[in-house]
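Beneath this line is the structure, given in structure tokens, with notes to follow.
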Amino acid sequence: MNLQECYEKFGGDYDGVMGRLRREQLVRKLLYKFLDDKNFELFEASMQRQEYDEALRAVHTLKGVCQNLSFGQLYESSSRITLALKEKDYGAAAELAPQLAADYGRVMQAIAEYQSSVEE
Amino acid sequence: MQKQKILIVDDSEINRILLRDILEDQYEITEAENGAQAVEILAQSDTDFWFVLLDIMMPEMDGFDVLNYINKHYWNDRVVVMMISSDDSAEKINRAYSLGAFDYIGRPFDPMIVSKRIANTLALYARQNDLEKAVEEQFYEQQKNNDLMISILSHIVEFRNGESGLHIQNVKAITKLLLIQLAQVTDKYPLSKEEIDLISMASAIHDVGKISIPEEILNKPGRLTAQEFELMKTHAEIGSKMMSDLPIDQFNSPLAKISYEICRWHHERYDGCGYPDGLKGDETPIAAQVVAMADVYDALTSDRCYKKAFSHEEALRMIMEGKCGAFNPILLQCLNEVAARLKKTRPNSGWKLEAEKGRERQIKTEQAGMVGQNNQEVLSAQPEYMKLLYIDPMMNVYNRRYYKEFIQSGADVKAVALIDMDNIKQINDDYGREVGDRVLQRAAQLLSSRIRKSDYLIRYGGDEFWIGSRNITRSAFEQRLEEIRKSFEELTIEGYPQLYVTVSIGGVYGAQGPETSFDMANELLSQAQISKNKVVLRFLNDKTDDI
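Residue numbers (the numbering used here), protein chains in the order written: chain A, 1 to 120; chain B, 121 to 667.
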């Protein structure tokens, strides 16, 4: 699996990220870092505890990262939840959470697959 | 060249890595993962110039808090902030700008754009900084030269006039204080900041016409005769003529015009009873009115050859009551309003209150035309017969008679010391009296240089000196005596390199007056003389004495 295929797999914008960051090596480095990023877990845990400020900050940061990495779908879903939490519409945020989890899972899985194929 | 420092503040490591990757070739990168860390890094040195890339939403301390902190600590000169938040709502961006953020970079980051924007911003800052510095230096240099020339000019006048060299500085400072107040109180007299500076500067030469007044009249202790006074009065007109005689293009400059007004009319009074022209009210330009008041206030609160200083309160009262002629009511109001600040600028304002209590003594001093100052210029300005009576001819310091008549009965001295030379008899025996006398002369010079203008120095007996200080802290007193002792160890007499001088000192701090403390100081001196080259001190009233 190459980087472009990876992006296609999770619905990201490969041309967009390469147009800005230019070097595959840099994008790869950032993707691997994303595997360690704890903001999604922090978001889920905070939602469960109904600590919405913390949840907002986590998903907002996640959104910012997605934006820089042109994650497309994950960016869309994290943006929507960020907006809902900002407007203190916690019900809507909770409803949007499964979509975020699904998009996040796809990104994580695609990156993991990409990583193992590169290492082979 | 050192790399410009950039601080990346973002709670996402991925974003920091991305920015670092873009920037680290050109800049020195530091990272912070929240606002608190950022502030800590910025606080570490208060001179470093930082470029900060600042996220808004962060734990601990968010981006707005950081901007507020920067404002609160006046770091704006050395910290340039570019926001990098992914929150691009107009409200957030506006708030960041209004808190002093220089620019905003939206996401996603485009490395080309990010590095260009940073480079441009830095170039702009560097250029502005260089320009500011250049202008500032130029201005400062010019200002310094102007001040210097005026200072030289005015000191020529003061040099002939036995007055304290501080008079010009004082008049300048008081004039400025009054003008600033005046500009606040009324807009009757249009006073810009530039005009205030100009008038204050010109105030320094208000007495320049005195250069043509004979020294005997300038420095006459006691009253001038009517004829002498008429001559003295001409200094105003003469001063103004010096200005109007300037080449026309120079006379047309604002500084020369204002100087003319000040020189000519700083003795006019509001009711028309002043001189030389008897101008009334606002016929006298405001610059001259203000300098007139500053001049009177400073003259009242300073020692002069013909009078002793009045206290700040006394001087204020005399001016308010019109004892020194009438002044513009608005100016009187201003004087009242700046009184507290004015008092702070007065040297020795502490003891002058005390001085008022000793009216009798003061009158006696005034009659004698002597002032409690020991410095050599003041001494040489005294008339001949006074010198014969009260000044030691060999050493040019006050003698025991002066002590007996003016000090003993109750000068306000807080600290006294008796200083005795340990081995003058030995020196006389070994090297002859002539050398001994030279040692004594050097001793008097050294002591004169070691005390302040407000202190007394008396040659009390053969090789015994008395020093009295009016206002001094105990630690300063202690330190001074120790310095005096040490400086005698280093005293050398030309031609006699092996000659070695030491002194013993007995000092009393916190005494009620000279009379009670003298015996005590004498006793302490005897104790010091047992081991020689020693200071023995006693502090009285321990609790209250440290001012």
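Using N, Cα and C, we set each Cβ at its ideal position, and we do this for glycine too.
Residue span of the beta strand (DSSP E) that contains M177 of chain B, given as start and end: Following the DSSP letters along the chain, one finds M177 of chain B in no beta strand (DSSP E), marked with neither H nor E.
Test: Q67 of chain A CB closer than 8 angstroms to a CB of chain B: Judged by the 8 angstroms Cβ criterion, Q67 of chain A is in contact with chain B.
Per-residue DSSP class, three states only, for A324 of chain B: In the three-state reduction of the DSSP assignment, A324 of chain B falls in the coil class, being assigned neither a helical nor a strand state.
Cβ-Cβ distance between D103 of chain A and S70 of chain A below 8 angstroms: Not closer than 8 angstroms, so no.
CB-CB length for D37 of chain A against I134 of chain B, believed under 8 angstroms: Correct: roughly 6 angstroms between the Cβ atoms.
Per-residue burial, Y580 of chain B [other beta carbons within 10 Å of its own, 16 or more giving buried]: With 16 or more other Cβ atoms within 10 Å, it is buried.
Chain-ordered residues of the segment 122-140 of chain B with a beta carbon less than 7 angstroms from chain A: Only D131, S132, E133, I134, N135, I137 and L138 from the segment 122-140 of chain B bring a Cβ to less than 7 angstroms from some Cβ of chain A.
Residue ranges of each beta strand (DSSP E) within the segment 502-570 of chain B, 3 or longer: Qualifying beta strand (DSSP E) stretches, in chain order: 535-541.
V533 of chain B vs S589 of chain B beta-carbon contact at 8 angstroms: Cβ distance < 8 angstroms, so V533 of chain B and S589 of chain B count as in contact.
From B:F447, B:A163, B:N642 and B:Y395, residue whose alpha carbon lies closest to that of E357 of chain B: Of the listed residues, the one whose Cα sits closest to E357 of chain B is B:Y395.
Selection from A:G105, A:L62 and A:R80 that minimises the alpha carbon distance to F43 of chain A: Minimum Cα distance to F43 of chain A is reached at A:L62.
Beta-bridge pairing of I149 of chain B - partner residues as DSSP gives them: Note: I149 of chain B sits in a beta bridge opposite B:I126.
Within-8 angstroms CB hit, D230 of chain B to chain A: So, interface residue.
Under 8 angstroms from the C-beta of L30 of chain A: neighbouring residues of chain B: Simply I134, I137 and L138.
Touch test, the segment 309-324 of chain B against the segment 374-385 of chain B, Cβ-Cβ under 8 angstroms, three pairs minimum: The segment 309-324 of chain B vs the segment 374-385 of chain B: in contact.
W385 of chain B in three-state terms, based on DSSP: The DSSP-derived three-state label of W385 of chain B is helix.
CA-to-CA distance, I539 of chain B to S637 of chain B, given in whole angstroms: Between S637 of chain B and I539 of chain B, the C-alpha separation is close to 14 angstroms.
E54 of chain A: CB within 7 angstroms of a non-hydrogen atom of the ligand SAM: No copy of the ligand SAM appears in this structure; indeed no ligand is present at all.
Beta strand (DSSP E) segment containing M202 of chain B, residue limits: Segment V199 to M203, the beta strand (DSSP E) holding M202 of chain B.
F169 of chain B (DSSP reduced to helix, strand or coil): The answer is coil: DSSP assigns F169 of chain B none of H, G, I, E or B.
Short CB-CB distance (under 8 angstroms) between S206 of chain B and chain A: Interface flag for S206 of chain B against chain A is set, since a Cβ pair is found closer than 8 angstroms.
C-beta neighbour in chain B for F34 of chain A, strict 8 angstroms: It does: the Cβ of F34 of chain A has a partner Cβ on chain B nearer than 8 angstroms.
Cβ-Cβ distance between R227 of chain B and S209 of chain B below 8 angstroms: Result no, Cβ atoms of R227 of chain B and S209 of chain B do not sit closer than 8 angstroms.
Neighbour flag for G64 of chain A against chain B, beta carbons, 8 angstroms: Chain B contact via Cβ: present.
Beta-carbon gap between L173 of chain B and I128 of chain B smaller than 8 angstroms: In contact: L173 of chain B and I128 of chain B (Cβ atoms closer than 8 angstroms).
Three-state class that DSSP yields for Y309 of chain B in the structure shown: Y309 of chain B falls in the coil class under three-state DSSP.
The segment 297-318 of chain B: positions lying closer than 8 angstroms to chain A by Cβ: Against chain A - using a Cβ distance shorter than 8 angstroms - the segment 297-318 of chain B contributes no residues.
Listed by chain order, chain B residues near D168 of chain A by CB distance under 9 angstroms: There is simply no residue 168 of chain A to check, as chain A begins at 1 and stops at 120 in what is shown.
CA-to-CA distance, D230 of chain B to R247 of chain B, given in whole angstroms: Taken atom to atom, the span from the alpha-carbon of R247 of chain B to that of D230 of chain B is near 26 angstroms.
Host alpha helix (DSSP H) of G105 of chain A (start-end): Counted as a single uninterrupted DSSP element, the alpha helix (DSSP H) harbouring G105 of chain A occupies residues Y90 to E119.
Nearest-angstrom Cβ-Cβ length linking M18 of chain A and E113 of chain A, presumed shorter than 8 angstroms: Taking the Cβ atoms as the reference, M18 of chain A lies roughly 19 angstroms from E113 of chain A, outside the contact range of under 8 angstroms.
Interface partners of M177 of chain B on chain A, CB under 9 angstroms: In chain order: L56, R57, H60, T61 and G64.
CB contact check: R237 of chain B to chain A, cutoff 8 angstroms: Nearest CB-CB separation between R237 of chain B and chain A: not below the 8 angstroms threshold.
Terminal residues of the beta strand (DSSP E) in which F585 of chain B lies: From DSSP, the beta strand (DSSP E) with F585 of chain B extends over E584 to S589.
Per DSSP, cross-strand counterpart(s) of K443 of chain B: Looking at the DSSP output, K443 of chain B sits in a beta bridge with B:G445.
Beta carbon of N281 of chain B nearer than 8 angstroms to that of L344 of chain B: No.
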